[in-house]
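For the sequence shown, UniProt numbering assigns the number 1 to the initial residue and increments by one for each residue that follows. Shown next, in structure tokens, is the structure this report addresses.
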Amino acid sequence: MAGLRRVRYADFAAQYAAEREALLAAMDGVLARGDFIGGADVSALEEELALLCGVPHVVAMNSGTDPLWLALKCLGVGPGDEVITASNSFVASAAAIAHLGAVPVFADVGSDQLLDAESVARAVTARTKAIMPVHLTGRICDMDALRAVADAHGLKVVEDAAQSIGSLYKGRSSGSLGDAAGFSLHPLKNLNAVGDAGFLATGDGDLAERVRRLRNHGLANRDVVVEFGYNSRLDTLQAAVLRTRLPLLPGVIEARRRNAALYRRLLDPAHIYNAPCRDHEFNTFHLFVIQVDRRDALQSHLADHGIGSKVHYPIPIHQQPAAAPYRDRSGPLPLTEQQAARILSLPIHQYLTPADIAYVADVVNAFYR
């Protein structure tokens, strides 16, 4: 359609244009040195991320998935154990549990899409070994309430912090609130690699040492294998890219928070719900999720007007075919299921202009008039 305004859900071209010179210089440095595996940029990135997360130990890894299941493994989770988590997450949250032969048990969420502590408490059994809170959309779960449940039952806590880098809960950083945490640095994340990447954050030095060994085939040094491990390393090229982008993260977060505030001023609350921020949280808005009636029709309406949008996620994990063996281990999840039919992620990235946000809000509001 001629003259149609277009608002991209993500804009990698704009990011590359803004960062091209610095990115190419960083990658050229790696190529010139030839330290492609475990290079200096990897260890430097780990130190910088540890400062960001407020933890003494970070282990850079190949994705946001491997930190989760390796953390659970090193905390003693194994076959037959139960780990309570959310069903409204990306499938990797539950897959990290299932890979160990353990059982993902799903608890319900609140109106903010975050794991509900009361539902978690009801899900605890004699087989429960850990809780995996999922910090969705840039928000952190109510960790005081969840830690109280964990402490009452002697459970470990592994944060799925894939979507919450830089977020705060009562002044404490995402990744510093449990026994360990797994972060994703996927291209769509606020701090993003040019492929898959992630890291483990923890205050436990012994756990960090073992994960560091397991990510590299279990090698204690080049020639000695202490235990058979995995290939979960982060490439030095990705580390170099991430080190270039890490100083830009505060600006990325500031822009996303500014865009979210404008959406909240402009969207009609009579038809559009976005969970309000709580006084004790700092939301980094990895996603801006609205809950609406006639979600699918609205998404088509947005596409007709040149606006990209996504659903995170249309099918809860407990309803996926792969989760069939675990369904009888979870109780009812009414809010999870209701929200799956109503949630829609609007564009929130840092390259949007106020005019873009106003256009999206106008199109959404017009749909409900």
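We treat Cβ as the ideally placed atom computed from N, Cα and C, and that holds for glycine. This structure is a prediction, so every number in the text was calculated from the model and none was measured.
Per DSSP, Glu21 has no beta-bridge partner at all. Secondary structure in the region 207 to 231: no beta strand (DSSP E) run of 3 residues or longer lies completely within the stretch. The Cβ atoms of Val30 and Leu335 lie no closer than 7 Å to each other. Between Ser184 and Ala208, the CB-CB gap reaches or exceeds 7 Å.
Scanning Val363, Gln319, Phe367 for the CA closest to the CA of Pro332 turns up Gln319. Sixteen is the threshold: since fewer than 16 other Cβ atoms of the shown chains lie within 10 Å of the Cβ of Pro276, the residue is exposed. The beta carbons of Asp160 and Pro133 sit about 7 Å from each other, so the pair counts as a contact at 8 Å. Contact between Ala239 and Val58 fails: their C-beta atoms lie close to 12 Å from each other, not under 8 Å.
Counting only runs of 3 or more residues that sit fully inside the region 272 to 300, the beta strand (DSSP E) segments are 288 to 291, in chain order. Ala96 is a Cβ neighbour of Leu68, given a cutoff of 7 Å.
The region 124 to 174 contains, as complete beta strand (DSSP E) runs of 3+ residues, the segments 128 to 132, 156 to 160 (chain order). Note that the C-beta distance between Ile253 and Gly166 is below 7 Å. Sixteen is the threshold: since fewer than 16 other Cβ atoms of the shown chains lie within 10 Å of the Cβ of Asp296, the residue is exposed. Taken atom to atom, the span from the alpha-carbon of Ser93 to that of Thr65 is near 7 Å. In this structure, Ala220 keeps its C-beta atom at 7 Å or more from the C-beta atom of Ala201.
Inter-residue distance for Pro79 and Val105 is about 14 Å (C-alpha atoms, whole angstroms). Of the residues Phe282, Glu337, Ala255, the one whose Cα lies closest to the Cα of Pro316 is Glu337.
Pro354 and Val226 have their alpha carbons spaced roughly 55 Å apart. Proximity of the region 46 to 56 to the region 298 to 314 falls short of the contact definition, fewer than three beta-carbon pairs being nearer than 8 Å. With a cut-off of 8 Å on Cβ pairs, the region 271 to 288 is in contact with the region 122 to 142, counting three or more such pairs. For Leu242, the uninterrupted alpha helix (DSSP H) run begins and ends at 236 to 245, by DSSP. Rounded to the nearest angstrom, the gap between the Cα atoms of Val77 and Ala102 is 7 Å.
With respect to the 7 Å criterion, Gly229 and Gly218 are classified as neighbours on the basis of their beta carbons. Here Ser232 is not near Arg243, since their CB atoms are 7 Å or more apart.
Phe183 has Phe199 as its beta-bridge partners, per DSSP. Between Ser89 and the set Ala107, Cys74, Pro250, the nearest pair of CA atoms involves Ala107. Judged by pairs of C-beta atoms under 8 Å, the region 148 to 155 does not touch the region 167 to 175, as fewer than three such pairs exist. Between Leu237 and Met27, the C-beta spacing is below 7 Å. For the pair Ile290 and Ala340, the Cα-to-Cα distance works out to about 11 Å. In the DSSP secondary-structure assignment, Ala86 is bridged to Ala107. If you draw a straight line from the Cα of Asp81 to the Cα of Gly154, it comes to about 14 Å. By the neighbour-count definition (other C-beta atoms within 10 Å, threshold 16), Gly251 is an exposed residue.
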